[in-house]
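> Heads up, the final residue of the sequence shown is numbered 658 in UniProt numbering, and it's a clean run with no missing numbers. We put the beta carbon where it would ideally sit given N, CA and C, even for glycine. What follows is a single structure, and I will ask about it in a moment.
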Amino acid sequence: MAVYTVKVEEAREATANVPSAGAVYRCIYAKDGLTGVPLDLHSPWDLFSKSVDKFPSNPMLGRRQIVDGKAGPYEWLTYKEVFESAARIGSAISSCGVTPGGRCGIYGVNCPEWIIAMEACNSQAVCYVPLYDTLGANAVEFIINHAQVSIVFVQEKKIPSMLACIPKCDCLKTIVSFGDISSIQKKEAEDAGLSCFSWEEFLQLGTTEVKLPSKENNICTIMYTSGTTGEPKGVILSNAAFLAEVYSMDYLLAKTDKEATADDVFFSFLPLAHIFDQIMETFCISKGSSIGFWQGDVRYLVEDLQELKPTLFCGVPRVFDRLYSGILGKISTSGTLRKGLFEFAYNYKLRNMEKGLRQDEAAPLLDKIVFSKIKQSFGGHMRIMFSGGAPLPRHIEEFLRVTCGCPLIQGYGLTESCGGSFTSISNVHSMVGSVGVPMTTIEARLESVPEMGYDALSNIPRGEICLRGKTLFSGYHKRQDLSEEVTVDGWFHTGDVGEWQPDGSMKIIDRKKNIFKLSQGEYVAVENIESVYSQCPLITSIWVYGNSFESFLVAVVVPERKALEDWAAANNEETGDFKKLCKSSKARNYLMEELNRTGKEHKLRGYEMLRGVEIEPNAFDVERDLITPTYKLKRPQLAKYYKDSINEMYNEAKGSRA
Numbered sequence: 001m002a003v004y005t006v007k008v009e010e011a012r013e014a015t016a017n018v019p020s021a022g023a024v025y026r027c028i029y030a031k032d033g034l035t036g037v038p039l040d041l042h043s044p045w046d047l048f049s050k051s052v053d054k055f056p057s058n059p060m061l062g063r064r065q066i067v068d069g070k071a072g073p074y075e076w077l078t079y080k081e082v083f084e085s086a087a088r089i090g091s092a093i094s095s096c097g098v099t100p101g102g103r104c105g106i107y108g109v110n111c112p113e114w115i116i117a118m119e120a121c122n123s124q125a126v127c128y129v130p131l132y133d134t135l136g137a138n139a140v141e142f143i144i145n146h147a148q149v150s151i152v153f154v155q156e157k158k159i160p161s162m163l164a165c166i167p168k169c170d171c172l173k174t175i176v177s178f179g180d181i182s183s184i185q186k187k188e189a190e191d192a193g194l195s196c197f198s199w200e201e202f203l204q205l206g207t208t209e210v211k212l213p214s215k216e217n218n219i220c221t222i223m224y225t226s227g228t229t230g231e232p233k234g235v236i237l238s239n240a241a242f243l244a245e246v247y248s249m250d251y252l253l254a255k256t257d258k259e260a261t262a263d264d265v266f267f268s269f270l271p272l273a274h275i276f277d278q279i280m281e282t283f284c285i286s287k288g289s290s291i292g293f294w295q296g297d298v299r300y301l302v303e304d305l306q307e308l309k310p311t312l313f314c315g316v317p318r319v320f321d322r323l324y325s326g327i328l329g330k331i332s333t334s335g336t337l338r339k340g341l342f343e344f345a346y347n348y349k350l351r352n353m354e355k356g357l358r359q360d361e362a363a364p365l366l367d368k369i370v371f372s373k374i375k376q377s378f379g380g381h382m383r384i385m386f387s388g389g390a391p392l393p394r395h396i397e398e399f400l401r402v403t404c405g406c407p408l409i410q411g412y413g414l415t416e417s418c419g420g421s422f423t424s425i426s427n428v429h430s431m432v433g434s435v436g437v438p439m440t441t442i443e444a445r446l447e448s449v450p451e452m453g454y455d456a457l458s459n460i461p462r463g464e465i466c467l468r469g470k471t472l473f474s475g476y477h478k479r480q481d482l483s484e485e486v487t488v489d490g491w492f493h494t495g496d497v498g499e500w501q502p503d504g505s506m507k508i509i510d511r512k513k514n515i516f517k518l519s520q521g522e523y524v525a526v527e528n529i530e531s532v533y534s535q536c537p538l539i540t541s542i543w544v545y546g547n548s549f550e551s552f553l554v555a556v557v558v559p560e561r562k563a564l565e566d567w568a569a570a571n572n573e574e575t576g577d578f579k580k581l582c583k584s585s586k587a588r589n590y591l592m593e594e595l596n597r598t599g600k601e602h603k604l605r606g607y608e609m610l611r612g613v614e615i616e617p618n619a620f621d622v623e624r625d626l627i628t629p630t631y632k633l634k635r636p637q638l639a640k641y642y643k644d645s646i647n648e649m650y651n652e653a654k655g656s657r658a
């Protein structure tokens with residue numbers, strides 16, 4: 001087996017006050033030093049400018065125009081056209097009194113104007129601050145005030161919520177719409193002392209002259225992370241970190257798969273307010289590639305993919321889970337013969353990939369006969385898919401690698417590491433289930449977590465993942481205390497628990513903070529337990545709860561609706577009212593038995609089994625503040641929301657035990 005990391009420092013033993021730290025590793029492709037950035041590049045604007053010089057007529061930003069309720073073909077702005085617009089917008093920002101280092105908010109869904117506003121800020125060394133489209137007015141108001149944002153670019157339909165923030169945002173001076181703005185809205189803003197412009201009006205204020213004082217250590221963006229508790233934290237990312245991340249991606253793809261080119265097409269789908277998509281789009285811009293935006297409606301996602309025919313796609317596990325479920329659903333209803341052919345083709349190709357064959361060499365004939373329709377559902381031209389944001393379940397990753405006709409690369413990173421800090425290597429099948437090896441800008445080590453039983457110095461090293469390198473953040477805005485808490489001796493402590501694999505890749509196995517002690521003294525690593533129960537095909541989501549006053553666990557689960565209704569029909573349960581079915585004690589007992597069966601199959605211990613289950617008919621959502629925009633569970637909020645259900649489950653379980 002090939003090993004993809006190299007040791008650069010030995011492990012150090014524990015002292016009285018310092019946890020044991022494992023050896024320091026870096027990717028073999030960076031064994032002689034971390035990847036650098038060309039000396040003539042100082043900011044993302046330089047990347048953009050180089051692409052404009054090389055590919056002025058290339059399509060850069062595209063979207064579908066809606067006519068009579070129907071979406072037409074993609075219409076494109078070229079690199080030259082985007083450059084001229086960004087230069088004018090940047091000049092207009094400057095004319096409003098925003099100087100280098102000033103703060104500009106961007107609030108809205110992915111669209112050409114989002115990227116143009118971002119590049120306009122880059123052109124003037126102005127720090128842009130994404131305002132989360134999914135967090136609502138309170139978070140937007142907090143970020144504007146905390147970052148001292150003086151000008152905001154706003155999607156048209158978000159203007160009312162932005163106007164509602166004005167009375168509490170004294171630093172805000174200017175609002176610019178992504179499109180038009182009504183006279184009533186403009187008057188409301190002006191009456192409050194703000195300047196307010198449509199996109200075209202603001203363009204006319206600027207010129208195409210660019211004055212760029214930006215340097216590598218200038219702040220590129222302050223990106224607020226929603227977090228699972230407390231107020232959002234402003235992660236400060238420098239130009240140098242952004243550039244290093246982009247060049248590391250470019251270097252690794254060139255070494256391990258195929259270098260991205262101006263012929264590539266990226267599907268802009270994940271929120272630009274998050275680091276994952278923003279880095280990907282900056283990377284695509286650096287290569288002269290095209291970026292096509294989705295309509296913003298999940299119902300038309302597949303239609304957008306088939307119209308755009310992208311070559312590059314980024315998703316989070318929840319997206320890939322939906323794709324996986326949809327494909328399986330079609331296969332299950334395709335008839336015995338087709339289902340049998342699919343299973344044969346799947347197992348045949350998987351065996352060949354496990355032997356080391358590239359996915360495109362493992363079963364080319366079967367790809368055409370059996371898997372071609374799945375590839376066509378992504379537009380037919382996909383050559384790489386990327387997954388991040390959370391661990392992708394192994395069975396889903398394996399399934400998509402086999403069936404989608406292109407490599408799927410899983411990565412791991414945080415906003416604090418400027419996105420990806422680990423990445424799996426294309427066509428290395430042993431990395432399925434892991435997040436791969438360190439990027440070429442990062443070094444990594446594990447630190448022991450004794451209270452959870454994780455030892456970084458054992459034969460199978462396990463512990464908290466710690467990072468150092470060129471893509472790390474510069475601290476939390478106005479929170480030096482938090483910055484010092486997570487960065488010790490130059491090492492950023494991620495809070496995630498990993499396990500080094502034999503090939504040098506990293507597997508995420510737990511979350512350091514998400515542990516609690518049961519009344520009998522046993523520690524429970526809840527995320528690991530949830531990942532096991534999530535493999536039960538009867539559910540789509542699960543939140544496991546326990547505390548130190550109780551000796552067992554309970555859970556709230558979101559069921560796979562069709563699976564639960566099929567069980568109900570087969571067991572003479574009423575299926576007409578799904579909410580009523582979810583309240584059925586028989587349904588709850590059935591799901592709990594199946595979940596515990598899954599737990600036993602994966603060797604969970606007795607105290608990790610569930611003694612109570614509440615069925616939630618609706619998915620955990622941002623609107624109820626139960627998950628973050630990146631679909632991480634917000635545990636304190638879930639505990640508060642389901643407080644009565646938790647008490648009821650514990651009372652029922654203890655009553656039945658008595």
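Could you give the first and the last residue of the continuous alpha helix (DSSP H) run that contains L47?
Unbroken alpha helix (DSSP H) run through L47: P44 to K54.
> Can we say the stretch 123–133 touches the stretch 171–178, given the rule of at least three CB pairs closer than 8 Å?
Verdict: no, contact absent.
> Would you report the Cα separation of K94 and E307, rounded to the nearest angstrom?
Per the sequence shown, the amino acid found at residue 94 is Ser instead of Lys. Rounded to the nearest angstrom, the two C-alpha atoms are 38 Å apart.
> Could you check what DSSP says for G655 in three-state terms: helix, strand or coil?
Three-state DSSP puts G655 in a helix.
> Using a Cβ-Cβ cutoff of less than 8 Å, which residues in the same chain neighbour T78 once the five nearest sequence positions on both sides are dropped?
The answer, listed in chain order, is P56, S57, N58, P59 and M60.
> Going by DSSP in three states, Q278 sits in which element: helix, strand or coil?
Three-state result, Q278: helix.
> Opposite A120 in the DSSP bridges: which residues?
A120 is not bridged to any residue.
> Excluding the five sequence neighbours on either side, which residues of its own chain have a C-beta within less than 7 Å of the C-beta of C169, listed in chain order?
The residues are E141, I144 and N145.
> For V265, write down the residues that DSSP places opposite it in a beta bridge.
The partner list for V265 (beta bridge, DSSP) reads S290.
> Check whether the Cβ atoms of T441 and G469 lie closer than 7 Å to each other.
Taking 7 Å as the Cβ cut-off, T441 and G469 qualify as a contacting pair.
> Considering V435, what are the terminal residues of the alpha helix (DSSP H) in which it resides?
Note, V435: premise wrong, no alpha helix (DSSP H); not H, not E.
> How big is the Cα-Cα spacing for P438 and C582?
P438 and C582: Cα-Cα distance of roughly 44 Å.
> Tell me the rounded alpha-carbon separation between F344 and E303.
When rounded, the distance between both Cα atoms is 29 Å.
> Compare the beta carbon distance of F267 and P317 with 7 Å and say whether it is the shorter of the two.
Taking 7 Å as the Cβ cut-off, F267 and P317 do not qualify as a contacting pair.
> Note down the Cα distance separating E550 from L518, rounded to an integer number of angstroms.
If I take the Cα positions, the gap works out to 6 Å.
> Over the uninterrupted beta strand (DSSP E) stretch that includes F344, give me the two end residues.
First-last for F344: T336 to E354, but that is the alpha helix (DSSP H), not the beta strand (DSSP E).
> Taking the alpha-carbon positions, what's the P617 to A587 distance?
Cα-Cα distance, rounded: 12 Å.
> Quick one, which of K330, L595 and V428 has its alpha-carbon nearest L408's?
Selected option, being the one with the closest Cα: V428.
> So what's H429 in DSSP terms, helix, strand or just coil?
Helix at H429.
> Can you grab the Cα-Cα spacing for the pair M592 / V556, in whole Å?
Looking at the two C-alpha atoms, the distance is approximately 10 Å.
> What do you reckon, is the C-beta of S57 under 6 Å from a heavy atom of the ligand SAM?
This structure lacks the ligand SAM, and indeed carries no ligand of any kind.
> Who pairs with T5 in a beta bridge, going by DSSP?
DSSP, once it has assigned bridges, lists C27 as partnering T5.
> Put L301 into one of helix, strand or coil per three-state DSSP.
Helix.
> Specify whether the stretch 254–268 and the stretch 279–296 touch according to this definition: at least 3 beta carbon pairs, one from each stretch, less than 8 Å apart.
Flag = yes, the stretch 254–268 and the stretch 279–296 touch.
> On a Cα-Cα basis, can you pick out the residue from V98, C406, K600 and E485 that is closest to D257?
Comparing Cα-Cα distances from D257 to each of V98, C406, K600 and E485, the minimum goes to C406.
> Among I542, P636, A456 and H395, which one has its Cα closest to the Cα of Y346?
Ranking the options by Cα distance to Y346, first place goes to H395.
> According to DSSP, is H395 helix, strand or coil?
Helix at H395.
> If distances are taken between C-alpha atoms only, which option among S448, I508 and F473 comes closest to E13?
Ranking S448, I508 and F473 by Cα distance to E13 puts S448 first.
> Does the stretch 42–52 touch the stretch 230–244, meaning 3 or more C-beta pairs lie closer than 8 Å?
The stretch 230–244 vs the stretch 42–52: in contact.
> Along the chain, where does the alpha helix (DSSP H) that runs through residue 695 open and close?
A query on residue 695 cannot be resolved here, the shown segment of the chain reaching from 1 to 658 and no further.
> Look at the alpha carbon of L564 and the alpha carbon of E594, and state the distance between them as a whole number of angstroms.
So the alpha carbons of these two residues sit roughly 12 Å apart.
> Can you tell which of G599, N547, L604 and S585 has its C-alpha closest to the C-alpha of K643?
Of the candidates G599, N547, L604 and S585, the one whose C-alpha sits nearest the C-alpha of K643 is N547.
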